[in-house]
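Below is one structure, written out as structure tokens, with a few remarks after it.
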Amino acid sequence: MKITQLPLALGIVLLASCHSEKKQENTTAVVPEVEITSVKSLQPALQTALPGELKPWNKTPMFPRVKGYVGVVKADRGTVVKKGDVLAVLEAPEIVSALNHAQAQVASAEATLIEQRAKVRASTLTYQRMMETSRTKGAVSANEMDQALSRMSADSALTRAAQSNLLAAKAQHASQSQLVSYLTVRAPFDGTVTERNISPGELVGPEGNIKPMFVLEDHSKLRLTVAVPENLSNSISDNSAVSFVVQADPQKEYKARFARSANSLSENNRTMMAEFDVNNADGALKAGMYAQVKLPVTRNKATLFVPRTALIQSTEGVFVIRLQENVAEWLGVQKGNSLDSLVEVFGPLKEGENIVLKASEELRNGQAVTVKSQKLSAKK
Numbered sequence: 001m002k003i004t005q006l007p008l009a010l011g012i013v014l015l016a017s018c019h020s021e022k023k024q025e026n027t028t029a030v031v032p033e034v035e036i037t038s039v040k041s042l043q044p045a046l047q048t049a050l051p052g053e054l055k056p057w058n059k060t061p062m063f064p065r066v067k068g069y070v071g072v073v074k075a076d077r078g079t080v081v082k083k084g085d086v087l088a089v090l091e092a093p094e095i096v097s098a099l100n101h102a103q104a105q106v107a108s109a110e111a112t113l114i115e116q117r118a119k120v121r122a123s124t125l126t127y128q129r130m131m132e133t134s135r136t137k138g139a140v141s142a143n144e145m146d147q148a149l150s151r152m153s154a155d156s157a158l159t160r161a162a163q164s165n166l167l168a169a170k171a172q173h174a175s176q177s178q179l180v181s182y183l184t185v186r187a188p189f190d191g192t193v194t195e196r197n198i199s200p201g202e203l204v205g206p207e208g209n210i211k212p213m214f215v216l217e218d219h220s221k222l223r224l225t226v227a228v229p230e231n232l233s234n235s236i237s238d239n240s241a242v243s244f245v246v247q248a249d250p251q252k253e254y255k256a257r258f259a260r261s262a263n264s265l266s267e268n269n270r271t272m273m274a275e276f277d278v279n280n281a282d283g284a285l286k287a288g289m290y291a292q293v294k295l296p297v298t299r300n301k302a303t304l305f306v307p308r309t310a311l312i313q314s315t316e317g318v319f320v321i322r323l324q325e326n327v328a329e330w331l332g333v334q335k336g337n338s339l340d341s342l343v344e345v346f347g348p349l350k351e352g353e354n355i356v357l358k359a360s361e362e363l364r365n366g367q368a369v370t371v372k373s374q375k376l377s378a379k380k
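For the sequence shown, full-length UniProt numbering gives the first residue as 1, with consecutive numbering after it.
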């Protein structure tokens, strides 16, 4: 009887021992240690690199305004011209003939007006003399007086009509003169011819021409155009200045000052087009060059920064881990600009709050932690 009870007692003792060890392991589970840092409020002067493009100060494709044959071409690709210089001369005999006809009409209208003015002077003088004579009773009949008055009135009306005809003839002449002036193609501003698409004898006109006769560009000043992203659009001010380099001479840095912007974001890419004026009197820069622009970015007020290692980037978004009484709390934030090892963040954070310096997804929301700095100070 005693022999059978001994194994049963040993089993109970071993089972109780195992349960005690498991309970001890659970009560001594390791709490993660973390390093912390504080959220900083800064207003640094930053620079961001953006692509830009140099465009001519003025660019004009020149199309013919009248139909005609190309007679003389006086400019070619690369020709430097001044305002008013002749680039080409067109030939259109029918337009010149219409001008000559209009000029003849003006001469005829002027002659008619001179004749009518002479007639009105004569009829007026006759009427005045008859008025003097009529003071003598019976010297002039009433019928003669009426005829003289009618003749003077008619001559005056014809004179006014002649004046109107002359004005119309002069207007027609001016219109034809303008058309003839279009036969001479002149430069509208100082610049360089960048395209020439006509040759002598070619028929050109305002309809049907796909390519312009010439393209004229002014390179004395250039427009540096930059597509500014939405998150930086409020950083551009009237005093903004940028530096930039071009691939043709990457060792030389150029300067430009903000001039104008669209003040509106493009619906296609949500960027704001900004222009910076570039003085190019020496011609070192070429229109069409791509530029790497260093744009200064300064917020109008201080913003919050955290170390780059404090950010967790997951499929659900970007997070930092804030400590609240040694408990991890995940907070969603949005990233802004970078400053060395710091990243600008926007979210439910405040300056000076403690966050985990080296955050990872292994540290879950609501998990208890210990802080290394606190542990070290306790040992001391």
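Cβ coordinates follow ideal geometry from the N, Cα and C atoms, glycine included.
In chain order, what residues of the same chain have a beta carbon less than 6 Å from the beta carbon of residue i, not counting five sequence neighbours either side?
| i | result |
| --- | --- |
| V72 | V89 |
| T112 | A162 |
| E329 | R322 |
| Q47 | K294, P296 |
Quick check on residue i: buried or exposed, where buried means 16 or more other Cβ atoms within 10 Å of its Cβ?
| i | result |
| --- | --- |
| G52 | buried |
| F346 | exposed |
| T159 | buried |
| Y254 | buried |
| Q128 | exposed |
| H101 | exposed |
| E25 | With a pLDDT of 47 at E25, under the threshold of 50, the modelled position of this residue cannot be trusted, and the question is left open. |
| S123 | buried |
| M272 | buried |
| I114 | exposed |
| F116 | Note on identity: in this sequence residue 116 is Gln, with Phe being the wrong assignment. Buried is the call here. |
| E132 | exposed |
| V226 | buried |
| E351 | exposed |
| N143 | exposed |
| G78 | exposed |
| G68 | buried |
| V80 | exposed |
Give me the Cα-Cα distance between residue i and residue j, rounded to the nearest whole angstrom.
| i | j | result |
| --- | --- | --- |
| E110 | A162 | 8 Å |
| R299 | L342 | 16 Å |
| V70 | V193 | 17 Å |
| I95 | Q176 | 7 Å |
| L331 | L54 | 43 Å |
| F244 | V34 | 43 Å |
| Q247 | A171 | 56 Å |
| K74 | V242 | 40 Å |
| P44 | R257 | 21 Å |
| T27 | S233 | Residue placement at T27 is flagged as unreliable, the pLDDT there being 48, under the threshold of 50; a coordinate-derived value is accordingly withheld. |
| K83 | V185 | 11 Å |
| D277 | V369 | 56 Å |
| W57 | S360 | 53 Å |
| E207 | A98 | 21 Å |
| R364 | E267 | 40 Å |
| S237 | N263 | 11 Å |
| A92 | S240 | 53 Å |
| P307 | L339 | 9 Å |
| V333 | F305 | 11 Å |
DSSP on residue i, reduced to helix/strand/coil?
| i | result |
| --- | --- |
| L179 | helix |
| E35 | coil |
| V61 | Reading off the sequence shown, one finds Pro at residue 61, where the question assumed Val. Residue state, collapsed to three classes: strand. |
| K137 | coil |
| N268 | coil |
| T298 | coil |
| E132 | helix |
| I210 | coil |
| Q47 | strand |
| P93 | helix |
| T79 | coil |
| I321 | strand |
| A281 | coil |
| H41 | Residue 41 is actually Ser in this sequence, not His. In this structure, S41 counts as strand in the three-state DSSP scheme. |
| K221 | strand |
| A162 | helix |
| T112 | helix |
| L363 | coil |
| V120 | helix |
| M145 | helix |
At a cut-off of 7 Å, would you count residue i as near the ligand SAH, judging by its Cβ distance to the nearest heavy atom?
| i | result |
| --- | --- |
| A49 | With respect to the ligand SAH, the structure shown offers nothing to examine, as it has no ligands at all. |
Take residue i and list the residues in its own chain whose beta-carbon comes closer than 8 Å to its own, dropping the five residues that flank it on each side.
| i | result |
| --- | --- |
| N280 | H219, S220, K221, L222 |
| F189 | N58, T60, K83, L216, D218 |
| K23 | Residue placement at K23 cannot be trusted, given a pLDDT of 48 that sits under 50; the coordinates are not used to answer. |
Ordered along the chain, which non-local residues of its own chain (more than five positions away) have a Cβ less than 7 Å from that of residue i?
| i | result |
| --- | --- |
| R260 | E275 |
| D85 | R186, A187 |
(message) Three Cβ pairs or more, each shorter than 8 Å: is that satisfied between the stretch 56–64 and the stretch 194–212?
(response) yes
(request) Please determine if the stretch 342–360 and the stretch 311–322 are in contact, where contact requires at least 3 C-beta pairs separated by less than 8 Å. (result) yes
(request) Check whether the stretch 280–289 touches the stretch 308–319, taking contact to mean three or more Cβ pairs, one atom from each stretch, closer than 8 Å. (result) no
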